[in-house]
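Quick notes on the structure that follows.
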Amino acid sequence: MVTKNYLDSYAQSLEKPAEFWLDAARNISWSTPPQQAIDSSRAPLYGWFPDGVLNTSYNALDRHVEAGRGDQDALIYDSAMLGIKRSYTYAELTGLVAQFAGVLRSRGVGKGDRVVIYMPMIPEAAIAMLATARLGAVHSVVFGGFAPKELAARIRDAAPAVVVTASGGVEPSRRIEYLPAVKEAIGLAGTPDLPVLVKAREGFASSVADHAGWLDWDTEMSVAVPAAPVDVKATDPLYILYTSGTTGAPKGVVRDNGGYAVALSWSMENIYDVCPGDVMWTASDVGWVVGHSYIVYGPLLAGATTVIYEGKPVGTPDAGAFWRVIQDHRVNVLFTAPTALRAIRKADPEAKLLERYDISSLRTLFAAGERLDTDTFHWASRVLGVPVVDHWWQTETGWAICANPRGLDDLPIKAGSPSVPMPGFRLNIVDGSGGDVENGTEGNIVLGLPLPPGTLTTLWRDDERYISSYLQAFEGYYATGDSGYRDEEGYLYVMGRTDDIINVAGHRLSTGAMEQVIGQHPAVAECAVIGLADPLKGQRPSGYVVLKSGVDVPEEILVKDLVALVRRDIGAVADFKHVTVVEALPKTRSGKILRKTMRQIADGDEYTVPSTIEDFAVIEKLIETLRPAAAGD
């Protein structure tokens, strides 16, 4: 039996991985329980539970109904945009998923076929995902509102049997029409006859009636015959999730069924301390890996209640939006991105709006997506009065590489650190040659092979690209692409992407470390530091800061303060002298600041703005700021 404390669990996962993960697999319902933990016959392409057979959608829904908990809420939909709240019990959600699986089946979708889902944050997005999985098919969710060219690239690569979409998405200041974008995308993809299923929403100009041959969700649901779960092998793909590639071609991360179900089930109990009946709200989008893992699959596998929120942290209607959702739905665990916390803090620095709401149900706040800077960590800890847990993972890993496992141990929380590696992740810090570095020394963060269950198994139809992208840089390791260091107690500190290390007159310096220092200033809401090309020193750091709401400080005084802080905490070798106050930083919709794009613009290099950007206008405003900075003005 696996022990219930962190140190023993982690040690067992490395020393006896088969025993550890087969034990964890007992929390999943199998049609054929696995006897073998890992298949190494195709190393470095590993497979978990190769002899196991299951259905992931059944595990997320039907089994809870069969256990007598069909009346419990499974999903709560809260649209701050439309003022709508609706709850779905496990029995209701299971019925809707079975019905929509019948719709897909009637359109020829079967085991192994792909379904592209291009949806806003509405319940039908999760229903479509779970219905696809119910058939043993493979879903590929594309963030609603992506440009037609990007959607077309994913359609071409995934070759779906069906596209599922909705009339559009609702933003605070506008409505985004999806149907014209879908029509253009399937034309660009060269698949004009591809079936399209549309969930109609009120208030949009384009409708399913405008597109010959397209199908209405509600009409199809009214005549469909519910579909039963289809068994698949544990190693069969559950979904493809595309992430931007360095070549411009999207990389389709492949997640399996069995390993993913086991890993998420383990994480819900041991990392998030979420049990059946608890309410978990992950304030993300189903288009991202966080939404896949902890809006849809994780909470439902655990028998918990999940919240789908259609809104923003601020502006819908104000910076108290998150606190209102916690109160209304008695949320026990909130998972959000640091950028959301910084937005709330910027608009309401003293959290005065929090006084309107009862958030006593909240036990823990988890953050991921960007490094949780120490200033935001301390602010959130103070105003919420609950543990604030940073944890670190990637689209490719599917769940946390490092975390503070609240269901296993009461480990100390250290500001600036996502804590310690989770079971199965053989984390190491190496130099450029792959040699180990001492504690406290920054280097490349790598993970020993094989990776644990739940992580990517390959890239869609491209094993060679998977190997060359992740496994060739350091023999025997998966290269995370991030840099960081460990302290004497084994806590990890992630400092940023490896290309965010800059070389100033021969000194290798972390822009992430500089950002941590700048973020301590009481006027700064958020910041980014990039390295600009310098003819004398190779590179020099340049800082860009967004001020908190209501702050009025002369820019020349702020610059002096920040330069002094960096000099004090990092040293004169940083040569940090340039700071610019900006209205906003360019980010992806998941909250990552586009530092690489900023650097390319500043250096006058060719650049491509990622399709995942939140607001193109922010980049356009910054271009005027960045290029003079590069010239040294």
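Quick note: the sequence shown uses the numbering used here, first residue 1255, plus one each step.
We put the beta carbon where it would ideally sit given N, CA and C, even for glycine.
In this text, all values refer to a predicted model and were calculated from it rather than measured experimentally.
Distance check between Lys-1668 and each of Asp-1690, Gly-1652 and Pro-1641 places Pro-1641 closest, using alpha-carbon atoms only. Here the alpha carbon of Val-1462 sits roughly 30 Å from the alpha carbon of Tyr-1344. In this structure, Pro-1776 lies away from Asp-1829, with their beta-carbon atoms at least 8 Å apart.
Less than 8 Å divides the Cβ of Ser-1460 from the Cβ of Pro-1434.
Sequence-distant Cβ neighbours of Arg-1317 in its own chain, meaning closer than 8 Å and more than five residues away, are Ser-1283. Every unbroken stretch of the alpha helix (DSSP H) spanning 4 or more residues and falling wholly within the stretch 1296 to 1360 is given here in chain order: 1310 to 1314 and 1344 to 1360. Counting along the chain, the unbroken alpha helix (DSSP H) around Lys-1600 starts and ends at 1592 to 1601. Three or more beta-carbon pairs drawn from the stretch 1360 to 1379 and the stretch 1441 to 1460 are found closer than 8 Å, and the two stretches are therefore classed as touching. In this structure Ser-1673 is buried. Its beta-carbon is surrounded by 16 or more other beta-carbon atoms within 10 angstroms. Setting aside the 5 residues that flank it on each side, Ile-1440 is surrounded in the same chain by Ala-1406, Ile-1409, Val-1417, Pro-1446, Leu-1448 and Val-1450, each with a C-beta closer than 8 Å to its C-beta; the list follows chain order.
For Trp-1535, there is no enclosing alpha helix (DSSP H); the residue is part of the beta strand (DSSP E) that begins and ends at 1533 to 1536.
In the structure shown, the three-state DSSP call for Met-1375 is coil.
The secondary-structure analysis by DSSP pairs Asn-1682 across a beta bridge with Val-1700. For Arg-1509, DSSP records a beta bridge to Tyr-1493. Its chain contains Ile-1330, Tyr-1331, Asp-1332, Ser-1333 and Asp-1582 as the residues whose beta carbon lies nearer than 8 Å to that of Lys-1339, once the 5 sequence neighbours on both sides are disregarded; these appear in chain order.
If you look at Thr-1628, you'll find it in the alpha helix (DSSP H) that goes 1628 to 1638. Around Asp-1690, the same chain offers Asn-1682, Ile-1683 and Val-1684 as residues with beta carbons nearer than 8 Å, after the five sequence neighbours per side are excluded. The DSSP-derived three-state label of Ala-1459 is coil.
Asp-1823 and Phe-1620 have their C-alpha atoms spaced approximately 28 Å apart. Burial of Thr-1711 is indicated by the presence of at least 16 other C-beta atoms within 10 angstroms of its C-beta.
Proximity to Trp-1646 across Arg-1578, Val-1550, Glu-1729 and Val-1543 peaks at Val-1543, based on C-alpha coordinates. By the Cβ-count criterion, Cys-1529 is exposed, with fewer than 16 other Cβ atoms from all chains shown falling within 10 Å of its own Cβ. Under the Cβ criterion (8 Å, minimum of three pairs), the stretch 1549 to 1566 does not count as touching the stretch 1734 to 1752. Per DSSP, reduced to three states, the secondary structure at Gly-1652 is coil, with no helix or strand assignment.
Residue range 1746 to 1751 is occupied by the beta strand (DSSP E) that includes Met-1749. For Val-1424, same chain residues with a beta-carbon under 6 Å away, outside a window of 5 residues either side, are Met-1335 in chain order. Straight-line measurement puts the Cα of Val-1805 at about 28 Å from the Cα of Thr-1851. Straight-line measurement puts the Cα of Thr-1590 at about 7 Å from the Cα of Ser-1538.
The DSSP-derived three-state label of Pro-1672 is coil. Assigned with DSSP and collapsed to three states, Asp-1664 falls in coil, not helix or strand. Going by beta carbons, Ala-1856 and Leu-1763 fall outside the 8 Å limit. Beta-carbon to beta-carbon, Tyr-1493 and His-1632 are separated by about 37 Å, too far to satisfy the 8 Å threshold. Per DSSP, the continuous beta strand (DSSP E) segment holding Tyr-1798 begins and ends at 1792 to 1801. For Asp-1644, the uninterrupted beta strand (DSSP E) run begins and ends at 1642 to 1644, by DSSP. Distance between Gln-1353 and Ala-1379, taken at the CA atoms: about 14 Å. For Glu-1564, the three-state secondary structure derived from DSSP is strand.
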